[in-house]
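A.B. asks: Going left to right, the sequence shown walks through residues 1 to 89 as UniProt numbering numbers them.
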Amino acid sequence: MAYLMKTRKLRLEEAFDYIKQRRSLISPNFGFMGQLLQYESEILSSTPSPPVTSCKREAASFFAEELTLGKNFEGSCFAFPTSVLSSVP
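1) Met34 to Tyr18, Cα distance in whole Å?
2) Out of Leu36, Ser45, Leu25, state which residue places its alpha-carbon closest to the alpha-carbon of Ala15.
3) Please return the same chain residues whose Cβ sits closer than 6 Å to the Cβ of Tyr39, not counting the five positions on each side in sequence.
4) So for Ser41, helix, strand or coil by DSSP?
5) Taking the straight line between their C-alpha atoms, what separation do you get for Gly31 and Ser41?
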């Protein structure tokens, strides 16, 4: 996903959807998605982003809320809810 974000100038949600269309069963883990959220903010802005550990905590809290509410999750291990990405600056 990071490769697509960098080479095709895609946001994380777009890169995720691009891959999902070609391989419907993808399930990136929370830590990886947190790193990708941070990477997205780095490539979209010129200001430095917070450390990865901070981003992991933020991503985990987003996912915890989504899991608690039972939103957008399929029967497979994990389906990334695109609503999480709408809050990324």
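Positions of the beta carbon are idealized from the N, C-alpha and C atoms, including for glycine.
C.D. replies: Here's the rundown:
1) The sequence as given places Gly at residue 34; Met does not occur at that position. Gly34 and Tyr18 have their C-alpha atoms roughly 19 Å apart.
2) Nearest of Leu36, Ser45, Leu25 to Ala15, Cα basis: Leu36.
3) Excluding sequence neighbours, Tyr39 sits near Ala2.
4) Of the three classes helix, strand and coil, the one that applies to Ser41 here is helix, per DSSP.
5) For Gly31 and Ser41, the distance between alpha carbons rounds to 16 Å.
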